[in-house]
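Undergrad: If you read the sequence shown in this note's numbering, its first letter stands for residue 171, the second for the next number, and so on. Positions of the beta carbon are idealized from the N, C-alpha and C atoms, including for glycine.
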Amino acid sequence: MRSIVPLLALLALVTGCGGNNSGVEVEFDVELENAISELARARASRPLKELVPGDWTSVHVILGPDTGASIQEQLGQPVEITGDGTYGGDYIQDGDLLVFKRDGEIVRR
171 MRSIVPLLAL LALVTGCGGN NSGVEVEFDV ELENAISELA RARASRPLKE LVPGDWTSVH
231 VILGPDTGAS IQEQLGQPVE ITGDGTYGGD YIQDGDLLVF KRDGEIVRR
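1) Given a threshold of 16 other Cβ atoms within 10 Å of its Cβ, counted over all protein chains shown, does Leu267 qualify as buried or as exposed?
2) Go ahead and label Leu202 buried or exposed: buried means 16 or more other beta carbons lie within 10 angstroms of its beta carbon, across all protein chains shown.
3) Return the chain-ordered list of same chain residues with a C-beta closer than 8 Å to the C-beta of Lys271, the five sequence neighbours on each side being excluded.
4) Just mark Asp199 as buried or exposed, buried being the case when its beta carbon has 16 or more other beta carbons within 10 Å.
5) Could you please give the first and the last residue of the uninterrupted beta strand (DSSP E) stretch that includes Val231?
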């Protein structure tokens with residue numbers, strides 16, 4: 171029996187403005203995970219820009235499992251991990267993190 175492990179896509183979103191809120195909040199994107207899983211099942215492909223429309227020009231992929239501290243180091247800025255809740259939410263266990271950027275800055279999709 172062949173098993174396919176779906177890519178659990180996480181989308182990094184910029185938190186609101188404010189002195190103490192200058193980090194990046196990580197949120198789970200169910201729609202993107204479902205779209206990627208369906209593509210994998212169908213053995214199909216689509217441009218990533220169709221799956222994640224928006225004003226981004228590049229994507230930084232961080233493969234899981236990973237810790238919030240490691241993700242923060244890779245991105246070079248503070249992060250808030252509120253993903254799957256493992257280890258108090260500071261650990262992405264089953265997925266990969268997709269960080270969408272424009273001109274080196276993290277943007278919303």
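TA: By the coordinates alone:
1) The residue given as residue 267 occupies position 97 in the sequence shown. Buried, because 16 or more other Cβ atoms sit within 10 Å of the Cβ of Leu267.
2) By one-based count along the sequence shown, residue 202 stands at place 32. So Leu202 counts as buried.
3) Numbered from its first residue, the sequence shown carries residue 271 at position 101. Taken in chain order, the residues that qualify are Trp226, Thr227, Ser228, Val229, His230 and Val277.
4) Walking along the sequence shown from the start, residue 199 turns up at place 29. By the C-beta density criterion, Asp199 is buried, having at least 16 other C-beta atoms within 10 angstroms.
5) Within the sequence shown, numbered from 1, the residue matching residue 231 stands at position 61. Start and end: Ser228 to Ile232.
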